[in-house]
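Beneath this line is the structure, given in C-alpha coordinates, with notes to follow.
Next up, the structure:
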(Lines of atoms letter the chains of each structure in order from A and count residues from 1; the text may use other names and numbers.)
(Lines give C-alpha, C1' and ligand atoms only; values in the text may rest on other atoms or scores of the structure.)
Protein backbone atom coordinates (compact mmCIF):
# COMPACT_ATOMS: atom_id res chain seq x y z
CA UNK A 1 0.00 0.00 0.00
CA UNK A 2 1.43 3.37 -0.97
CA UNK A 3 1.51 6.51 1.09
CA UNK A 4 0.21 8.84 -1.59
CA UNK A 5 -1.11 12.08 -0.13
CA UNK A 6 0.61 11.55 3.23
CA UNK A 7 3.28 14.11 3.99
CA UNK A 8 6.03 13.86 6.52
CA UNK A 9 5.97 16.56 9.19
CA UNK A 10 7.91 19.62 8.15
CA UNK A 11 11.42 19.70 9.50
CA UNK A 12 12.07 22.67 11.71
CA UNK A 13 14.03 25.27 9.84
CA UNK A 14 16.69 25.87 12.40
CA UNK A 15 18.25 28.85 10.66
CA UNK A 16 14.93 30.61 10.24
CA UNK A 17 13.77 29.78 13.76
CA UNK A 18 17.01 31.13 15.20
CA UNK A 19 16.69 34.31 13.13
CA UNK A 20 13.10 34.75 14.30
CA UNK A 21 14.07 34.29 17.96
CA UNK A 22 16.93 36.76 17.54
CA UNK A 23 14.64 39.30 15.87
CA UNK A 24 11.96 38.84 18.55
CA UNK A 25 14.55 39.26 21.32
CA UNK A 26 15.96 42.32 19.56
CA UNK A 27 12.50 43.85 19.24
CA UNK A 28 11.99 43.50 22.98
CA UNK A 29 15.34 45.00 24.02
CA UNK A 30 15.82 48.72 24.73
CA UNK A 31 16.94 50.68 21.69
CA UNK A 32 18.66 54.01 21.30
CA UNK A 33 17.58 56.45 18.63
CA UNK A 34 20.41 58.71 17.52
CA UNK A 35 19.10 61.39 15.21
CA UNK A 36 21.54 63.93 13.79
CA UNK A 37 20.37 67.23 12.32
CA UNK A 38 21.98 69.75 10.02
CA UNK A 39 20.21 73.02 10.78
CA UNK A 40 20.81 76.24 8.83
CA UNK A 41 22.21 78.91 11.17
CA UNK A 42 19.36 81.30 10.39
CA UNK A 43 16.81 78.66 11.48
CA UNK A 44 18.45 77.41 14.69
CA UNK A 45 16.28 79.35 17.16
CA UNK A 46 13.08 78.29 15.39
CA UNK A 47 14.28 74.67 15.20
CA UNK A 48 15.13 74.53 18.92
CA UNK A 49 11.77 76.01 19.90
CA UNK A 50 9.97 73.58 17.58
CA UNK A 51 11.94 70.67 19.07
CA UNK A 52 10.92 71.73 22.59
CA UNK A 53 7.29 71.59 21.46
CA UNK A 54 7.77 68.21 19.74
CA UNK A 55 9.43 66.83 22.85
CA UNK A 56 6.21 67.30 24.80
CA UNK A 57 4.47 64.87 22.41
CA UNK A 58 7.36 62.40 22.13
CA UNK A 59 7.86 62.00 25.87
CA UNK A 60 4.22 60.92 26.28
CA UNK A 61 4.51 58.06 23.78
CA UNK A 62 4.35 54.50 25.04
CA UNK A 63 7.85 53.07 25.39
CA UNK A 64 9.73 56.36 25.68
CA UNK A 65 12.27 56.17 28.52
CA UNK A 66 14.38 59.32 28.28
CA UNK A 67 16.08 61.62 25.84
CA UNK A 68 18.78 64.23 25.51
CA UNK A 69 19.22 66.98 22.96
CA UNK A 70 22.74 68.11 22.09
CA UNK A 71 24.15 71.19 20.37
CA UNK A 72 27.57 71.15 18.76
CA UNK A 73 30.29 73.25 20.37
CA UNK A 74 31.58 74.17 16.91
CA UNK A 75 29.27 76.45 14.91
CA UNK A 76 30.54 75.06 11.60
CA UNK A 77 29.80 71.39 12.43
CA UNK A 78 27.87 69.64 9.69
CA UNK A 79 25.53 68.10 12.27
CA UNK A 80 24.93 70.88 14.75
CA UNK A 81 22.16 69.14 16.75
CA UNK A 82 21.80 65.56 17.92
CA UNK A 83 18.84 63.92 19.59
CA UNK A 84 19.45 60.76 21.62
CA UNK A 85 16.39 58.92 22.91
CA UNK A 86 16.06 55.60 24.70
CA UNK A 87 12.98 53.48 23.99
CA UNK A 88 11.73 50.33 25.72
CA UNK A 89 11.99 48.39 22.47
CA UNK A 90 12.07 48.67 18.72
CA UNK A 91 8.38 47.86 18.27
CA UNK A 92 7.23 50.72 20.49
CA UNK A 93 9.68 53.11 18.83
CA UNK A 94 8.26 52.33 15.37
CA UNK A 95 4.72 52.74 16.68
CA UNK A 96 5.57 56.24 17.96
CA UNK A 97 7.48 57.01 14.74
CA UNK A 98 4.43 56.24 12.59
CA UNK A 99 2.37 58.72 14.61
CA UNK A 100 4.78 61.62 14.17
CA UNK A 101 6.88 61.15 11.04
CA UNK A 102 4.74 62.98 8.48
CA UNK A 103 4.27 66.30 10.31
CA UNK A 104 7.87 66.14 11.52
CA UNK A 105 9.27 65.74 8.00
CA UNK A 106 7.04 68.55 6.73
CA UNK A 107 8.29 70.99 9.37
CA UNK A 108 11.92 69.99 8.90
CA UNK A 109 11.52 70.55 5.17
CA UNK A 110 10.11 74.04 5.80
CA UNK A 111 13.12 74.84 7.99
CA UNK A 112 15.62 73.40 5.50
CA UNK A 113 16.82 70.88 8.09
CA UNK A 114 18.49 67.61 7.09
CA UNK A 115 17.75 64.73 9.45
CA UNK A 116 19.56 61.39 9.65
CA UNK A 117 18.04 59.00 12.21
CA UNK A 118 19.20 55.49 13.12
CA UNK A 119 18.33 52.95 15.82
CA UNK A 120 21.02 51.23 17.85
CA UNK A 121 21.31 48.69 20.61
CA UNK A 122 24.17 48.53 23.09
CA UNK A 123 27.00 46.43 21.66
CA UNK A 124 29.06 46.65 24.85
CA UNK A 125 29.77 49.00 27.72
CA UNK A 126 33.09 50.34 28.92
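Numbering (the working numbering), first residue to last: 197 to 322. Even glycine gets a Cβ: it sits at the ideal position worked out from N, Cα and C.
Residue state for residue 234 is assigned as strand, using DSSP reduced to three classes. Residue 320 sits exposed, since fewer than 16 C-beta atoms from the chains shown fall within 10 Å of its C-beta. In this structure, residue 309 places its C-beta atom within 8 Å of the C-beta atom of residue 235. The beta carbon of residue 317 sits closer than 8 Å to the beta carbons of 222, 225, 226, 227, 228 from its chain, once the five residues preceding and following it are set aside; these are given in chain order. When DSSP states are grouped into helix, strand and coil, residue 265 belongs to the strand group.
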